[in-house]
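Q:
Residue numbers (the numbering used here): 1 to 214.
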């Protein structure tokens with residue numbers, strides 16, 4: 001499986017493009033904006049888009065999802081349904097933040113913990129990781145040891161929980177109970193900033209390191 005990161009919007013959100021090398025089928029994860037930039041990345045990888053995947057409903061992660069659905073005729077899959085709270089209010093959040101306007105939409109499929117999604121012949125495991133938002137999910141490819149974690153975890157930091165329906169304790173539990181068991185060797189793509197590994201964050205992240213929690 002090939003993977004490329006395309007930073008989009010003024011928030012420099014890490015939109016990920018996944019391509020199954022056996023089939024050429026592709027998925028775009030968290031298209032928050034800058035649609036032309038995403039399309040260019042898709043063309044460079046040589047992938048044929050078959051679906052849009054969302055980790056959560058914040059505007060910088062999903063504002064271009066419905067545009068992609070309409071242009072390519074592909075489904076939007078994810079996040080978990082609790083994030084309908086965010087997607088339903090997408091126009092309001094965009095206006096308040098001075099973000100390019102986006103309309104509310106309904107995904108074709110909501111996801112739950114333990115679900116799987118496919119990209120061509122590749123399979124991604126789904127973990128529900130609430131805390132940053134109530135319906136946040138992450139995607140994990142066991143074979144290539146890669147996780148796309150949205151705004152749950154960052155290199156040296158964790159997601160904000162001061163937004164509506166955020167919960168700090170839930171976020172810490174999600175990281176410890178849903179991410180760490182996947183393995184220290186797993187490389188993760190966060191919603192913003194550089195990639196890291198779960199092992200590195202367990203050693204050095206001041207918010208969730210093993211030394212912090214004993």
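Where is the CB? At the ideal position from N, CA and C, for every residue including glycine. Here the structure is a predicted model, which is why all the values come from computation and not from measurement.
1. Looking only at C-alpha atoms, which of 144, 182, 183 and 136 sits nearest to residue 171?
2. Determine the direct distance from the alpha carbon of residue 100 to that of residue 215, and round the result to whole angstroms.
3. Would you list the one or two residues that DSSP bridges to residue 125?
4. Between the Cα of residue 62 and those of 72, 41 and 33, spot the shortest distance and give me the residue it belongs to.
5. Spell out a yes or no on whether the region 104-116 and the region 74-90 are touching, meaning 3 or more CB-CB pairs, one atom from each, closer than 8 angstroms.
6. Look at the alpha carbon of residue 1 and the alpha carbon of residue 194, and state the distance between them as a whole number of angstroms.
7. Please report the distance separating the alpha-carbon of residue 153 from that of residue 72.
8. Suppose only complete runs of 4+ residues qualify. What are the alpha helix (DSSP H) ranges in the region 22-47, listed by chain order?
9. For residue 150, write down the residues that DSSP places opposite it in a beta bridge.
10. How far does the beta strand (DSSP E) with residue 13 in it extend, from its first residue to its last?
11. To the nearest angstrom, how far is the alpha carbon of residue 14 from that of residue 55?
12. Identify which residue in 91, 84, 58 and 102 has its Cα closest to the Cα of residue 66.
13. Counting pairs of beta carbons, one from the region 168-183 and one from the region 80-92, are three or more of them closer than 8 angstroms?
14. Distance check for residue 188 and residue 209, CA to CA, integer angstroms please.
15. Span of the alpha helix (DSSP H) holding residue 91?
16. So, is residue 16 buried or exposed, given that buried needs 16 or more other C-beta atoms within 10 angstroms?
A: By the coordinates alone:
1. Position 171 of the chain shown, counted from the first residue, corresponds to residue 171. The shortest C-alpha separation from residue 171 is found at 136.
2. As shown, the chain starts at 1 and ends at 214. That puts residue 215 outside it, with no answer to give.
3. Within the chain shown, residue 125 is the residue found at index 125, counting from 1. Beta-bridge annotation (DSSP): residue 125 is paired with 116 and 140.
4. Locating residue 62 in the chain shown gives position 62, where the first residue counts as 1. Of the candidates 72, 41 and 33, the one whose C-alpha sits nearest the C-alpha of residue 62 is 33.
5. yes
6. As a working note, residue 1 is residue 1 in the chain shown. As a working note, residue 194 is residue 194 in the chain shown. For residue 1 and residue 194, the distance between alpha carbons rounds to 20 angstroms.
7. Walking along the chain shown from the start, residue 153 turns up at place 153. Walking along the chain shown from the start, residue 72 turns up at place 72. One C-alpha to the other measures close to 30 angstroms.
8. 35-45
9. The count along the chain shown starts at 1 and reaches residue 150 at position 150. Residue 150 has 190 as its beta-bridge partners, per DSSP.
10. Position 13 of the chain shown, counted from the first residue, corresponds to residue 13. Residues 13-19.
11. Here residue 14 refers to the residue found at position 14 of the chain shown. Here residue 55 refers to the residue found at position 55 of the chain shown. Straight-line Cα distance between these residues: approximately 12 angstroms.
12. Stepping through the chain shown from its first residue, residue 66 is reached at position 66. Considering only alpha carbons, the answer is 102.
13. no
14. By one-based count along the chain shown, residue 209 stands at place 209. By one-based count along the chain shown, residue 188 stands at place 188. Rounded to the nearest angstrom, the two C-alpha atoms are 16 angstroms apart.
15. Taking the chain shown and counting its residues from 1, one reaches residue 91 at position 91. 90-97 is the extent of the alpha helix (DSSP H) around residue 91.
16. Numbered from its first residue, the chain shown carries residue 16 at position 16. By the 16-neighbour rule on beta-carbons within 10 angstroms, residue 16 is buried.
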